[in-house]
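Residue numbers (full-length UniProt numbering): 1 to 123. All C-beta atoms, glycine included, are put in the ideal place defined by N, C-alpha and C. The block underneath contains the structure these notes are about, expressed in structure tokens.
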Ligand SMILES: Nc1nc2c(c(=O)[nH]1)N=C([C@H](O)[C@H](O)COP(=O)(O)OP(=O)(O)OP(=O)(O)O)CN2
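So this is what it looks like as structure tokens:
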């Protein structure tokens with residue numbers, strides 16, 4: 001399925017990290033997402049009911065991330081992927097989570113994961 005919804009450079013703030021100073025105050029978290037969805041029906045009907053509403057998913061991610069206190073970026077990425085795959089029209093989600101400036105000498109550090117409905121729900 002080559003169709004995708006892309007959400008780029010969603011810049012949020014969260015408690016994330018294993019160091020004491022990272023547990024005290026929120027830091028920037030940069031999120032990039034690719035949702036693999038069949039866009040054929042929405043492309044024909046021009047009706048939001050036939051589309052995976054990227055606004056809804058983005059609001060849910062903002063709510064999840066900005067209220068989270070994970071230690072690892074891996075865990076945050078896994079939870080974001082799970083949220084994206086709640087809508088059964090999303091077949092696969094690629095999630096990149098970065099912490100800009102968190103690693104000395106590096107501009108940014110992060111992880112990229114890809115999860116399917118089968119990975120998470122066995123379907
Ligand atoms: N696989 C992961 N490794 C690490 C994670 C993570 O989420 N997944 N997180 C951290 C820390 O929370 C932070 O992002 C980096 O901190 P640190 O290792 O202290 O990096 P610094 O460059 O600031 O270290 P210095 O010792 O000051 O050079 C670590 N690893």
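If you draw a straight line from the Cα of residue 14 to the Cα of residue 26, it comes to about 5 angstroms.
The C-alpha of residue 53 lies about 38 angstroms from the C-alpha of residue 104.
Cα atoms of residue 38 and residue 96: separation of roughly 21 angstroms, rounded to the nearest angstrom.
Counting the other CB atoms within 10 Å of its CB gives residue 72 a total below 16, which places it among the exposed residues. Shown here, residue 99 sits in a strand according to DSSP, grouped into three states.
With a contact defined as Cβ atoms closer than 8 angstroms, residue 65 and residue 29 qualify at about 6 angstroms.
In this structure, the straight-line span from the alpha carbon of residue 114 to that of residue 94 is close to 4 angstroms. DSSP places residue 20 in the helix class (H, G or I) of the three-state scheme. Taking residue 77 as the centre and dropping the five residues before and after it, the same chain places the C-beta of 95, 97, 111 and 113 closer than 7 angstroms to its C-beta, in chain order. Residue 117 and residue 85 do touch by the CB rule: their CB atoms are close to 6 angstroms apart, below 8 angstroms. With contacts defined by Cβ atoms closer than 9 angstroms, residue 36 and residue 87 do not form a contacting pair. Residue 12 places its beta carbon 9 angstroms or farther from that of residue 57.
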